[in-house]
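The sequence shown begins at -2 in my numbering and counts up by one.
Heads up, the beta-carbon is just placed ideally off N, CA and C, and yes, glycines get one too.
One structure is given here, and the rest of the page talks about it.
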Amino acid sequence: MNKDLDKKVPLLEVRDLETAFKIDGQYHNAVDKVSFTVDRGKIVGVVGESGCGKSVMSLSIMKLLPKGAGEILGGEVIFDGKNIEHLSEKEMNKIRGKDISMIFQEPMTSLNPVFTIGYQIEEVLHNHFNISKQDARNQSIKLLKSVGISRAEQVVNEYPHQLSGGMRQRVMIAMAIACQPKLLIADEPTTALDVTVQAQILDLLKDVQSVNDMAIILITHDLGVVAEICDEVIVMYAGEIVERSDVRSLFKNPKHPYTQQLMNSIPKLDAEEEKLGSIKGIVPSLKEMPRVGCKFANRCPKAMPECTEITPVLAEDEKGHEVSCLLFEASKTEEGTKIT
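Now the structure itself:
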């Protein structure tokens, strides 16, 4: 493929992805016909409350859903021009870690407690490259240094429990970039870390992305994190994308009531209000998910009677800002029409 043409083709394209869990013999969608693209070298943030389907979506892309629990019912995942949803487990293992890597939510449970840090990084290298033991050890030390671990020669011989949370997260990033992947999926990479360490990890992710020219899907519930490093934002609610835009447009003009409510819950230094904004109610469980209408209707301060009767579609305005809400006329009509 021509390199100039290659840059114009999205690195990742997700089309109508449906992932469901079987409860009492019936399938319930945790990810409901989700479609989006990730361009090469871009950072895309995926935001929403817990239970909105963010992590399930990422595990579906990686084909790492727990066996016997979650199941992909439909849709396509096109990575670098190839539909990876039809690949066998053996074929996926060649892609995972090499072309697509993932940083999981909790580094203490993601790292194996009985193996040294060096062994776990070396294992990634041995899985994908024909490399000697000594070269793998040298490369592991180099990777640890690249993520800001100064005493890398000692850390390779240590176990996960000997490191702090921030250090473990740096190790996870080192493992994830070991094979210089084209796409990195980071699932809540700053959760449970103090504010100072969070800032360091975000700076590290930006540096890693810049040096390796890779794309990142950053899954988070923290809009402050999104504003800090993302190029584009996807807002998810109850397994669906309700808004998608470049980061500047989203923060300047959030269109969906759910996004607006999320914005209102962010502390502001210049605000005089004593109380933070909050969203009433909770995300519905899979068994209680409405089958018709807007899934946010029962929590929405702008809900209209028709919101429980008409299911909105994701529609795009002339600037590429997408929203799924009946406040916009196009969301009532066929997908792909323009917002009025």
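Checklist entry - Just how far apart, CA to CA, sit residue 127 and residue 180? => result Residue 127 sits at position 130 when you count from the first residue of the sequence shown. Residue 180 sits at position 183 when you count from the first residue of the sequence shown. So the alpha carbons of these two residues sit roughly 22 Å apart.
Item to check | Residue environment, residue 337, which counts as buried when at least 16 other CB atoms sit within 10 Å | outcome: Reading the sequence shown from its first residue, position 340 is the one you call residue 337. Here the model assigns residue 337 a pLDDT of 47, short of 50, so the residue's position is not dependable, and the following value carries that caveat. An exposed status is given to residue 337, since fewer than 16 other beta-carbon atoms sit within 10 Å of its beta-carbon.
Item to check | Expected contact under 8 Å - CB spacing of residue 96 and residue 178 to nearest Å | outcome: Walking along the sequence shown from the start, residue 96 turns up at place 99. Walking along the sequence shown from the start, residue 178 turns up at place 181. Contact check for residue 96 and residue 178: beta-carbon distance about 6 Å, within the 8 Å limit, so the pair qualifies.
Item to check | DSSP-derived helix/strand/coil call for residue 214 | outcome: Mapped onto the sequence shown, residue 214 falls at position 217. Strand.
Item to check | Buried versus exposed, by CB contacts within 10 Å (16 or more), residue 279 | outcome: For the purposes of this step, residue 279 is taken as residue 282 along the sequence shown, with counting starting at 1. The residue in question, residue 279, is exposed, as its Cβ has fewer than 16 Cβ neighbours within 10 Å.
Checklist entry - Between 134, 139, 294, which lies nearest to residue 239 when the distance is taken from Cα to Cα? => result Position 242 of the sequence shown, counted from the first residue, corresponds to residue 239. Considering only alpha carbons, the answer is 294.
Next on the checklist: So if DSSP puts residue 319 in a beta bridge, which residue, or which two residues, is it bridged to?
Outcome noted: Against the sequence shown, residue 319 aligns to sequence position 322. DSSP lists 241, 313 as partners of residue 319.
Checklist entry - How is residue 156 classed by DSSP in three states: helix, strand or coil? => result Working through the sequence shown from its first residue, we reach residue 156 at position 159. In the structure shown, residue 156 sits in coil (DSSP, three-state: anything other than H, G, I, E or B).
Next on the checklist: On the DSSP letters alone, give me the boundaries of the alpha helix (DSSP H) that residue 184 sits inside.
Outcome noted: In the sequence shown, counting from the first residue as 1, residue 184 sits at position 187. Where residue 184 is concerned, there is no enclosing alpha helix (DSSP H), although the beta strand (DSSP E) it sits in stretches over 180 to 184.
Next on the checklist: Let's see if you can read the secondary structure: which residues bound the beta strand (DSSP E) around residue 98?
Outcome noted: The count along the sequence shown starts at 1 and reaches residue 98 at position 101. Where residue 98 is concerned, the enclosing beta strand (DSSP E) stretches over 97 to 100.
Next on the checklist: Here's the rule I'm using: 16 or more other beta-carbon atoms within 10 Å means buried, otherwise exposed. How should residue 131 be labelled?
Outcome noted: Against the sequence shown, residue 131 aligns to sequence position 134. Residue 131 comes out exposed.
Item to check | Sequence-distant residues of the same chain with beta carbon closer than 8 Å to residue 332, five excluded per side | outcome: Residue 332 sits at position 335 when you count from the first residue of the sequence shown. Reliability fails at residue 332, whose pLDDT of 47 lies under 50, so the model's placement of it is uncertain and the value that follows must be treated cautiously. The residues 310, 311, 312, in chain order, have a CB closer than 8 Å to that of residue 332 in the same chain once the five nearest residues on each side in sequence are set aside.
Next on the checklist: Let me make sure I understand the geometry here. Which of 226, 253, 81, 152 has the alpha-carbon closest to that of residue 233?
Outcome noted: Residue numbering aside, residue 233 sits at position 236 when the sequence shown is read from its first letter. With distances taken between Cα atoms, residue 233 lies closest to 253.
Item to check | Cross-strand partners of residue 76 (DSSP beta bridge) | outcome: For the purposes of this step, residue 76 is taken as the residue at position 79 of the sequence shown. According to the DSSP secondary-structure assignment, residue 76 is paired through a beta bridge with 9, 79.
Item to check | Any beta strand (DSSP E) of 3 or more consecutive residues that is wholly inside the segment 38 to 70 | outcome: The beta strand (DSSP E) runs of length 3 or more contained entirely in the segment 38 to 70 are, from start to end of the chain, 40 to 44.
Checklist entry - With 16 as the cutoff for other CB atoms within 10 Å, does residue 151 come out buried or exposed? => result Position 154 of the sequence shown, counted from the first residue, corresponds to residue 151. Taking all protein chains in view, the Cβ of residue 151 is surrounded by fewer than 16 other Cβ atoms within 10 Å, so the residue is classified as exposed.
Checklist entry - Looking at the structure shown, is residue 275 part of a helix, part of a strand, or coil, going by DSSP? => result Reading the sequence shown from its first residue, position 278 is the one you call residue 275. In this structure, residue 275 counts as coil in the three-state DSSP scheme.
Next on the checklist: Just list the residues that DSSP pairs residue 17 with in beta bridges.
Outcome noted: Counted from its first residue, the sequence shown places residue 17 at position 20. The partner list for residue 17 (beta bridge, DSSP) reads 26, 68.
Next on the checklist: Excluding the 5 residues flanking residue 113 on each side, which residues of the same chain have their C-beta closer than 7 Å to its C-beta?
Outcome noted: Walking along the sequence shown from the start, residue 113 turns up at place 116. Here residue 113 has 153, 154, 155, 156 as same chain residues with Cβ atoms under 7 Å from its own Cβ, once five neighbours each way along the sequence are excluded.
Checklist entry - So what's residue 301 in DSSP terms, helix, strand or just coil? => result Position 304 of the sequence shown, counted from the start, is the residue given in the question as residue 301. In the three-state DSSP reduction, residue 301 falls in the coil class, being neither helix nor strand.
Next on the checklist: Using only the alpha-carbon positions, how far apart do residue 255 and residue 297 sit?
Outcome noted: Counted from its first residue, the sequence shown places residue 255 at position 258. Counted from its first residue, the sequence shown places residue 297 at position 300. For residue 255 and residue 297, the gap between their C-alpha atoms comes out near 7 Å.
Checklist entry - residue 23: buried (16+ other C-beta within 10 angstroms of its C-beta) or exposed? => result Start at 1 with the first residue of the sequence shown, and residue 23 comes out as number 26. Classification for residue 23: exposed.
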